[in-house]
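**Q** There's a structure below that I have some questions on.
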Amino acid sequence: MSKKKQQVIKYAVFKIEPGFAGVCSTKKGISLLVLPREEKEEVMAIIQKHAADYAKASSAELEDDPGHFADLKKDLAGYFNGKPADLEYTIDLSGYTPFQSAVFTAARGIPYGETRSYRWIARKIGNPRGARAAGQALKVNLLPLLVPCHRVIEEGGKIGGFSLGIRWKERLLQLEGVLLT
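Just add 696 to the spot in the sequence shown (first one is 1) and you have the numbering used here.
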């Protein structure tokens with residue numbers, strides 16, 4: 697019987713305005729970013745679920761390491777105070793399909809304060825009829841802000857969906873100075 701290799705998932709939960717945020721990373725990069733919530737316990741539950749899901753592929757052990765994420769914490773605090781932040785961190789896309797990874801890579805190319813359509817994403821990855829599929833891929837994004845799915849809107853200018861709800865998407869776009877129609 698083969699034994700699964702033990703994988704360490706570093707994590708941190710930290711307080712920034714407007715609440716508690718969380719992050720996990722593997723040796724490949726950041727694998728989860730939890731946008732601020734009111735309760736620290738809610739963030740920790742999301743992190744534990746992520747580790748359990750990850751452990752299905754390889755044995756995983758959580759390691760609390762806030763110092764590992766000091767730069768990200770600083771950048772997120774600035775972001776939520778309306779300051780443009782460089783969120784070009786290395787991310788771990790191992791758990792996503794090649795299509796989802798391509799969509800995420802295209803979304804990462806959308807500059808701060810700008811938006812693109814789902815159709816733009818589809819065209820960018822060479823699948824011009826795949827706008828709906830691009831939206832479905834973004835729906836499972838566990839790396840909001842790092843993969844800025846909030847910057848992807850419907851072609852006619854409507855806001856489209858967001859896993860945490862439209863209010864969150866509107867708030868993130870407003871923080872970036874995007875005028876909504």
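Positions of the beta carbon are idealized from the N, C-alpha and C atoms, including for glycine. Model, not experiment: these values are computed from the prediction.
Give a yes or no on contact between the stretch 809 to 819 and the stretch 828 to 842, applying the rule of three or more CB pairs nearer than 8 Å.
**A** With the cut-off at 8 Å, the stretch 809 to 819 and the stretch 828 to 842 touch.
**Q** Could you tell me if residue 748 is buried or exposed, where buried requires 16 or more neighbouring beta carbons within 10 angstroms of its beta carbon?
**A** Exposed, because fewer than 16 other Cβ atoms sit within 10 Å of the Cβ of residue 748.
**Q** Going by DSSP, what residue range makes up the alpha helix (DSSP H) through residue 785?
**A** Here residue 785 belongs to no alpha helix (DSSP H), and DSSP marks it neither H nor E.
**Q** Within this structure, are the beta carbons of residue 763 and residue 734 separated by less than 8 Å?
**A** No, Cβ-Cβ distance for residue 763 and residue 734 is not below 8 Å.
**Q** In the DSSP output, which residue or residues are listed as bridge partners for residue 728?
**A** Residue 728 is bridged to 720.
**Q** Would you tell me roughly how many angstroms separate the C-alpha atoms of residue 786 and residue 737, rounded to the nearest one?
**A** Going by the C-alpha atoms only, they are around 26 Å apart.
**Q** Check whether the Cβ atoms of residue 856 and residue 843 sit closer than 8 Å, and answer yes or no.
**A** No; because the gap between Cβ atoms is not below 8 Å, this pair is not in contact.
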